[in-house]
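Working notes, structure below.
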Amino acid sequence: MIPENFWKSAVFGALLFGLGAPAAQAETITLKYSNWLPSGYSITEKVVKPWIADVERVTEGRVKVEFLPKAVGTVPGQYDVIADGLADLSLIVPGYTPGRFPLVEGLELPFLGDDQSKRAVAAQKAYEKYIKPTGELSEVHIVGIFSSNTAHFVMGKKVINTVDDVKGLKLRSPNPVANAELGLFEAVAIAKPASEIYELMSGGIIDGAVFPIDVIQPFKLDAVAKEVTMVPGGLTATHQMIAMSKQAWEKISEADRKAIESVSGVVMAERAGKVLADNLAASTAFLKEKGVNLHTVDDAFMKAAKEKLAPVRQDWIDKAKKAGLADPEEMLTFVEKESAGM
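Each residue of the sequence shown is one higher than the one before, starting from 789 at the first, in my numbering.
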């Protein structure tokens, strides 16, 4: 005769497993995104949000992303916010923490190219091939890294015609490379996030900014910046990355991680590159309509600027070797060729 307790245990076990299995299958991981960018910003709307939709699609709804009501922590502190697991995802600008990510700085050297549809992808490929193996950025999981549009002189009223015109100016700098460039131009570099430029320019604290043309409008700088001097190849190109906390990444199943990777990396960079190229064309037309003057420096400026800024490249090569990159010149050549579509 089978004891009564046996049947009670069997029924309980059947209920436990019968109810528990579907619950486990239905479990959804919801990642929290810390967003500090202004409402309507194109990278958020046309790169990040489509990626979020892709993630939900390829994981069949098992992984979702929600925007937090406000950013966690400061803008420069987003890397640590993600590394420490205070939020699951954010857009991070490595250049906002000068000296911390020396290898990324190589992607931001001057005159590397203006075609963002190619340069954005070159950044992701260079990260995978050269930077990732060194361990830089290893405290987080990099979803994708890509360049912004190249930066130029975005000024209040000052027109830049010669390298001497830059001397003594107070200019917002986006990253360590631009800091070094402005130092060689004998200008004063002010390292502040893009979100503070309007206030600094409108208050007369700075004369202008080293800044991409396509984000003048989103940050409402067309109200204070009336002269834009463009430098072929760009003074620099600030890089951005979507990063996920390792804690969040490790919660996701291996199958879903592979699915997410299939819509990240180069796929994200390609999307960003197209958005940036489209933005540049639209923004150039917008600025002209708003009466902002755009002009390009001449050959004499370029010759003088390349001579004056030559130490920036060599200084980075020296830093990169100390940071563990065996052949920094190889990485730069790779980026130049990829940015040129070679």
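Beta carbons: idealized from backbone N, C-alpha and C, even for Gly.
Because the structure is a prediction, the values reported are computed rather than measured.
About 6 Å separates the beta carbons of Leu1097 and Pro898, which is inside the 8 Å limit, making them a contact pair. By the Cβ-count criterion, Pro857 is exposed, with fewer than 16 other Cβ atoms from all chains shown falling within 10 Å of its own Cβ. Counting C-beta pairs with one atom in each stretch, the stretch 924 to 937 and the stretch 1084 to 1094 have fewer than three that are closer than 8 Å, which means they do not touch. By the beta-carbon neighbour count (other beta carbons within 10 angstroms, threshold 16), Ile993 is exposed. Residue pairing by DSSP places Met1018 opposite Thr1084 in a beta bridge.
Of all alpha-carbon atoms in Ala982, Thr950, Val892, Val954, the one lying nearest the alpha-carbon of Pro964 is that of Val892.
When Val1016, Lys906, Gly1112, Asp1002 are compared, the shortest CA-CA separation from Val942 is found for Val1016. Non-local C-beta neighbours of Lys945 in its own chain, meaning closer than 7 Å and more than five positions away in sequence, comprise Lys1014, Glu1015, ordered along the chain. The C-beta of Gln1035 has fewer than 16 other C-beta atoms within 10 Å across all chains shown, which makes the residue exposed.
Using a Cβ-Cβ distance cut-off of 8 Å, the stretch 1041 to 1060 and the stretch 907 to 926 are in contact, since at least three pairs of beta carbons, one from each stretch, lie closer than that value.
According to DSSP, residue pairing for Ala1060 in a beta bridge does not occur.
Assigned with DSSP and collapsed to three states, Glu854 falls in strand. For the set Leu819, Ser830, Trp824, the Cα lying nearest the Cα of Lys1062 is the one of Ser830. Taking the C-beta atoms as reference points, Gly1022 is found nearer than 8 Å to His940.
Rounded to whole angstroms, the gap between the alpha carbons of Val1051 and Pro838 is 10 Å. When rounded, the separation of the alpha-carbon atoms in Asp1044 and Val846 is 8 Å. From the listed residues Asp868, Gln1102, Asp876, the smallest Cα separation to Tyr884 is found for Asp868. Taking C-beta separations shorter than 8 Å and ignoring five residues to either side along the sequence, the partners of Val1085 in its chain run Ile948, Asn949, Thr1017, Met1018, Val1019, Pro1020, Ala1093, following chain order.
DSSP places Val928 within a strand segment (E or B) once states are collapsed to three. Rounded to the nearest angstrom, the gap between the Cα atoms of Gln1028 and Asp903 is 16 Å.
If you ignore the 5 residues before and after Glu854, its C-beta comes within less than 8 Å of the C-beta of Thr818, Leu819, Lys820, Tyr821, all in its own chain and listed in chain order. Under the three-state reduction of DSSP, Ala1111 is assigned to coil, being neither helix nor strand.
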